[in-house]
Amino acid sequence: MKRPIQKMTQWASRLYPRAWRERYGDEFGALLEDSQPRLRDAWDIAKEALTMQLRRTAAFAGVGAILGALVGGIVSRHHDRYIASAVMAVSVQGIDSAAANSQAVQSLVKASWTRDALLEIITSLKLYTPDRPADELIRRMRENIKVALFDKTAHSFTVDFVGENPDQAQEVRRALVAHLIDDNIRIGASPPATIQLVDYPPVSHSVPRPATVIAFWTAVGAGVGLALAWLRRRANPQTA
Amino acid sequence: MTDPSLLVLASLADSDKHGYAMMEDIQRFAGVRLGPGTLYGAITRLEQRGWIAPVVSRLASEDRRRPYRLTAAGRRSLEADLARLNQVVRTGLRRLREA
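Protein chains in written order, with our numbering: chain A, 3 to 242; chain B, 11 to 109.
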C-alpha cells in the first residue's frame, strides 16, 4: 500500500515532459523510493516539472513573438498611411431632407470621380506604382477614398483620402474636392445642389498606428509559436 | 552556497554517485537537502551542458539507479566556480576582521 505522499510525488512526476520521463523516469523513480519523500517534495517535483514544460512552450512562443514583431515592423513600414480629410456642406435647393442631400452627394461623386478623372489625378500626382495596369490603379485609389455623411440631416459630409505620405494625401484631397466643386457647377444637377468646402482638418496618421501593428503581429507570432508547440507535441509525443 | 548545480558538481568531485547518494552527500557536506525535483533539474541541466555524464556499466540495466560522473569540462567549471567562491569567502572574512 502506497503512502499518500508517495502517490502525490508519483502524480507530480507525470507532469514532466514525456521525453524527460523516458530519459530520467526510471532513475527518478528509484530516487523517490530511496529518499522517503516528504510533502514538500511533491511541490518541489511539480514546480520543476511545470517549469520544464513552460520553458519549452515559452521558447516557442518567444521565438514566434520575435518573428512576429519583425513582420509587424516590416508591415507597419509598408502600411504607414495618412488620412487627409475635407469637411464639405451640401444643400439641395428647395428640399431639406437627409435623403435628398445624400442622393445629391452620391450622384455627384459618381459623375465627378470618373475613371478618367481619377486616372488624371493618379498621373499628375504620381500616385502608386506607375507600371501597374490602369484599372488596378483606379481600383486601389477608390479603396483609398471614403465619403461619409457627417450628421443626421446630411447637411455635411467628409471626403477622406488615405495616402502613403501626408503631403501626397493633402494634394489628392485638394484635387478630389476641386473636382467635386467644379463638376457640381459644370453638370448642374436637377434640382440644383450647392456644394461647399467647410474645412480641411489636419492630416492624421492612419489607424492602425505602427505600434498597434507591431503589437498585433507580435501577439500573432506568439500565438503561432504556442500552436506550433502544441502541434509538435501532438505529432511527436516523444517531445511532450 | 545553495546553487543546486554547484552542489551536484561538488558531490561528484570525489566519486561517481547516483541521485540518492548525491542527495545524502550534499546534505552531509552542505547541510542542504535538495528536493528530488531540484536535484534532477540540476542533473538534467548539467548533463545537457556536458559537465556530468551517466556512468555506463554492465549492471546499469539491472539497477534503476544510474550513477553520474564529473566530466573534464565539469571539473574545470567546478574549479572556476570554487576559486571565485573562495575569493568571495576570503574577502568577506578579511573585511569582517578589519571592521
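Every residue gets a Cβ at the ideal spot worked out from N, C-alpha and C, and that includes glycine. What you are looking at is a predicted structure, and each value in this text was computed from that prediction instead of being measured.
Asked: Quick one: Cα of Gln-1/A to Cα of Ala-224/A, how far?; Found: The requested residue 1/A does not occur in the structure, where chain A is confined to residues 3 to 242.
Asked: For Val-77/A and Gly-165/A, I'd like the C-alpha separation in whole angstroms.; Found: 16 Å
Asked: For a minimum of 4 consecutive residues, which ranges assigned as the alpha helix (DSSP H) are wholly contained in the stretch 108 to 166 of chain A?; Found: 117 to 126, 136 to 146
Asked: Restricting to Cα atoms, I'd like to know which of Ala-44/A, Gln-55/A, Tyr-84/A, Phe-30/A is closest to Arg-74/B.; Found: Phe-30/A
Asked: What's the C-alpha gap between Arg-85/B and Ala-23/B?; Found: 7 Å
Asked: Between Ala-171/A, Asp-169/A, Val-161/A, which lies nearest to Ile-183/A when the distance is taken from Cα to Cα?; Found: Val-161/A
Asked: Straight-line CA distance for Ile-124/A to Asn-186/A?; Found: 21 Å
Asked: Return the residues of the stretch 47 to 68 of chain A that lie within a Cβ-Cβ distance of less than 8 Å from chain B, sorted by chain order.; Found: Ile-47, Ala-48, Lys-49, Glu-50, Ala-51, Thr-53, Met-54
Asked: Got a sec: does the ligand FMN put a non-hydrogen atom nearer than 7 Å to the Cβ of Ala-100/A?; Found: With respect to small molecules bound, the structure shown includes none, and the ligand FMN cannot be examined in it.
Asked: Just the C-alpha distance for Ser-99/A and Gln-170/A, rounded to the nearest angstrom, thanks.; Found: 35 Å
Asked: Give a yes or no on whether the C-beta atoms belonging to Thr-81/B and Trp-61/B are separated by under 8 Å.; Found: yes
Asked: Which bits of chain A does Arg-74/B rub up against, with CB to CB less than 7 Å?; Found: Asp-28, Glu-29, Gly-31, Ala-32
Asked: Gln-55/A lies in the alpha helix (DSSP H); which residues open and close that run?; Found: 41 to 80
Asked: Output yes if chain B places a C-beta closer than 8 Å to the C-beta of Ala-242/A; else output no.; Found: In this prediction, Ala-242/A scores a pLDDT of 45, lower than 50, which makes its location untrustworthy; no coordinate-derived value is stated.
Asked: With DSSP collapsed to three states, give me the class of Pro-193/A.; Found: coil
Asked: DSSP three-state call for Gln-201/A: helix, strand or coil?; Found: Per the sequence shown, residue 201/A should be read as Asp rather than Gln. Note: Asp-201/A maps to strand in three-state DSSP.
Asked: Name the residues in the stretch 43 to 56 of chain B whose C-beta lies less than 8 Å from a C-beta of chain A; which are they?; Found: Gly-45, Pro-46, Gly-47, Thr-48, Leu-49, Tyr-50, Gly-51, Ile-53, Thr-54
Asked: Does the distance from the C-beta atom of Leu-56/B to that of Leu-17/B stay below 8 Å?; Found: no
Asked: How far does the alpha helix (DSSP H) with Tyr-30/B in it extend, from its first residue to its last?; Found: 29 to 40
Asked: Inspect the beta-carbon positions of Leu-127/A and Val-174/A and report whether they are closer than 8 Å.; Found: yes
Asked: In chain B, what lies closer than 9 Å to Arg-42/A by C-beta?; Found: Gly-45
Asked: Taking DSSP as the reference, what is the three-state secondary structure of Asp-185/A?; Found: helix
Asked: Could you give the DSSP three-state label for Ser-87/B: helix, strand or coil?; Found: helix
Asked: Buried or exposed for Ala-61/A, please, with buried defined as at least 16 other CB atoms from any protein chain shown within 10 angstroms of its CB.; Found: exposed
Asked: Would you please verify whether the beta carbon of Asp-162/A is less than 8 Å from any beta carbon of chain B?; Found: no
Asked: On the three-state DSSP scale, how would you describe Ala-109/B?; Found: coil
Asked: Which first and last residues belong to the beta strand (DSSP E) in which Pro-64/B is found?; Found: 62 to 64
Asked: Can you tell me the Cα-Cα spacing of Asn-146/A and Thr-220/A, whole angstroms?; Found: 27 Å
Asked: Label Arg-76/B either buried or exposed according to how many other C-beta atoms from any shown protein chain fall within 10 Å of its C-beta, with 16 as the threshold for buried.; Found: buried
Asked: For a quick check, are the C-beta atoms of Leu-103/A and His-181/A less than 8 Å apart?; Found: Just to set this straight, residue 103/A is Asn in the shown sequence, not Leu. No, the pair does not count as a contact, with Cβ atoms beyond the cut-off.
Asked: Can you tell me where the alpha helix (DSSP H) with Ala-32/A in it begins and where it stops?; Found: 20 to 36
Asked: Taking only three categories from DSSP, how would you classify Leu-230/A?; Found: helix
Asked: For a quick check, are the C-beta atoms of Asp-36/A and Tyr-30/B less than 8 Å apart?; Found: yes
Asked: With 8 Å as the limit, tell me which residues of the stretch 14 to 45 of chain B have their beta carbon closer than that to any beta carbon of chain A; keep them in chain order.; Found: His-28, Gly-29, Tyr-30, Met-33, Gly-45
Asked: Over the uninterrupted beta strand (DSSP E) stretch that includes Ser-87/A, give me the two end residues.; Found: 84 to 94
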